[in-house]
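In the numbering used here, each residue's number is its place in the sequence shown (first place is 1) plus 318. First up is the structure itself, then whatever we jot down about it.
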Amino acid sequence: MRFGLNGATTGKADLLLDIRVAAEAGYQFLEIRDTKLEGYLQEGRTIRDLVRSFEEAGVRPLSINALERSTLGTPAEQEATLARLRTLCGWAESLDCPYVVAVPSPLEAPMARQEIVSRTAEALRRMAGVAEEYGIKVGFEFLGFSTCSVNTLELAEEAVDRAGDPSVGLVIDAFHFYVGGSSWNALEALDPRKVFIVHLDDAEDLPRDLLTDAHRVLPGDGVIPLRELVGRLEARGYRGPYSIELFRPEYWEWDPLDLAVKARERMEQLLAVTA
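Structure representation (structure tokens):
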């Protein structure tokens, strides 16, 4: 089994509930939202307590999400980003969690493609230098929105290649792949070893430029060609984890276990079709 539950899917649920739900719904992995982990620690619990909770549940932490606005910024902002990364990597190391997920900065002003790639690659190299101190890898997740500096698989892969460090790889989110108009050709040419995690989610039938995270829906309830996406990844040799990541406020009112079970069943159906 290769399925993970991302804490964004359960929304209001706290970290301990996420762990229990992941276990009871039959997931192998949990992607930890950094805000939920902070809330857990602020209640007086420790990382050692959390390790014990994961072990008792039989669920493995897969990633800590997310290092926001990670690629552009002033020198002071870049230093703050690296300081935050050190915190996330310290948690990840203690939890035996292999990845920290980083997302690109928004574009504050127009910028040429090559400058975006160059600055993003340099930021990724700096992040890799920090992550390697802890034995952690950075999963770089492009965001498909037009306001994001890196919004396609093509741009993200070019930046990762330019960074040239095996501690940095890709997180491919189906929603962002679709919203940003990433090409099938880029997926066909992709080295699967560069892909650390794949996020599965679907989207309402709206113009792509109007879609927001709140328009995500369960796989199979939307218009994203998920069977083709998963099929092409598997054909390329991808054998890593698939994680369900839904930010839909409507779902946060559901029973978290019911939602997690339904999401796992949908992911199983996708993988069964492509097997």
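From the three backbone atoms N, C-alpha and C, an ideal C-beta is built for every residue, glycine too.
Worksheet entry | Test item: CB-CB of Tyr452 and Ala410 under 8 Å | Yes, they are a contact pair.
Discussion item. Does the region 482-491 come into contact with the region 439-458, if we say contact requires no fewer than three beta-carbon pairs (one atom in each stretch) closer than 8 Å?
Written reply: Proximity of the region 482-491 to the region 439-458 meets the contact definition, three or more beta-carbon pairs being nearer than 8 Å.
Item to complete: In angstroms with no decimal places, state the Cα-to-Cα distance between Glu476 and Ser436.
Response: In a straight line, the C-alpha of Glu476 is about 9 Å away from that of Ser436.
Practice prompt. List in chain order: all unbroken alpha helix (DSSP H) runs of 4+ residues lying wholly within the region 479-521.
Written response: Residue ranges of uninterrupted alpha helix (DSSP H) with 4 or more members, entirely inside the region 479-521 and ordered along the chain, are 492-497 and 502-506.
Practice prompt. Determine the burial state of Gly499: buried for a count of at least 16 other Cβ atoms within 10 Å of its Cβ, exposed for fewer.
Written response: Under this definition Gly499 is an exposed residue.
Discussion item. Let's see if you can read the secondary structure: which residues bound the alpha helix (DSSP H) around Ala384?
Written reply: Counting along the chain, Ala384 falls outside any alpha helix (DSSP H), though it belongs to the beta strand (DSSP E) covering Arg378 to Leu385.
Discussion item. Please report the straight-line C-alpha distance between Asp519 and Val369, rounded to a whole angstrom.
Written reply: Cα to Cα, the separation comes out at about 28 Å.
Worksheet item: Under 8 Å, do Leu524 and His533 count as touching if we go by C-beta distance?
Response: Leu524 is a Cβ neighbour of His533, given a cutoff of 8 Å.
Worksheet item: Would DSSP call Gly462 helix, strand or coil?
Response: Three-state DSSP puts Gly462 in coil, outside helix and strand.
Worksheet entry | Rounded Cβ spacing between Ala578 and Leu323 (contact assumed at less than 8 Å) | Rounded to whole angstroms, the Cβ separation of Ala578 and Leu323 is 6 Å, and the two are in contact under 8 Å.
Discussion item. Rounding to the nearest angstrom, what Cα-Cα distance links Arg387 and Ala507 in this structure?
Written reply: Straight-line spacing of the CA atoms in Arg387 and Ala507 works out to 28 Å.
Practice prompt. Within its chain, find whatever has a CB closer than 6 Å to the CB of Arg584; leave out the 5 residues flanking it on each side and keep chain order.
Written response: So the qualifying residues of the chain are Leu536, Pro537 and Gly538.
Discussion item. Looking only at its chain, what residues have a beta carbon closer than 7 Å to the beta carbon of Pro574, apart from the 5 residues adjacent to it on each side?
Written reply: Within its own chain, the residues whose Cβ lies closer than 7 Å to the Cβ of Pro574, once the five positions on either side in sequence are excluded, are Thr328, Ala331, Leu335 and Val339, listed in chain order.
Discussion item. Suppose the cutoff is 6 Å on Cβ atoms and the five residues either side in sequence are ignored; what does the same chain contact list for Glu472 look like?
Written reply: Result list for Glu472: Ala504, in chain order.
Practice prompt. Could you tell me which residues DSSP pairs with Pro424 in its beta bridges?
Written response: In the DSSP assignment, Pro424 forms a beta bridge with Cys466.
Worksheet item: If we ignore side chains and look at the alpha-carbon of each, how far apart do Leu461 and Ile542 end up?
Response: So the alpha carbons of these two residues sit roughly 16 Å apart.
Worksheet entry | Neighbour-count burial assignment, Ala430, 16 or more Cβ in a 10 Å radius | With fewer than 16 Cβ atoms within 10 Å of its Cβ, Ala430 is classed as exposed.
Item to complete: Quick one: grab the DSSP three-state call for Phe372.
Response: The three-state secondary structure of Phe372, taken from DSSP, is helix.
Worksheet item: Below 8 Å between beta carbons: does that hold for Leu588 and Val548?
Response: Note that the C-beta distance between Leu588 and Val548 is below 8 Å.
Item to complete: Can you tell me the Cβ-Cβ gap for Leu390 and Ser423, rounded? I've got them flagged as a contact below 8 Å.
Response: The Cβ separation is near 4 Å, so the contact holds.
Discussion item. Are the CB atoms of Tyr417 and Ser381 within a distance shorter than 8 Å?
Written reply: Yes, these two residues count as a Cβ contact at 8 Å.
Worksheet item: Do you know whose CA, among Pro567, Trp570, Glu563 and Gly362, lies nearest Phe347's CA?
Response: Looking at the Cα atoms, Glu563 is the closest of the given residues.
Item to complete: Just the C-alpha distance for Arg554 and Cys415, rounded to the nearest angstrom, thanks.
Response: So the two alpha carbons sit approximately 26 Å from each other.
Item to complete: To the nearest angstrom, report how far apart Asp491 and Phe372 are at their CA atoms.
Response: Distance from the CA of Asp491 to the CA of Phe372, rounded to the nearest whole angstrom, comes to 25 Å.
Fill in: Burial state of Glu349, where buried means 16 or more other Cβ atoms lie within 10 Å
Buried.
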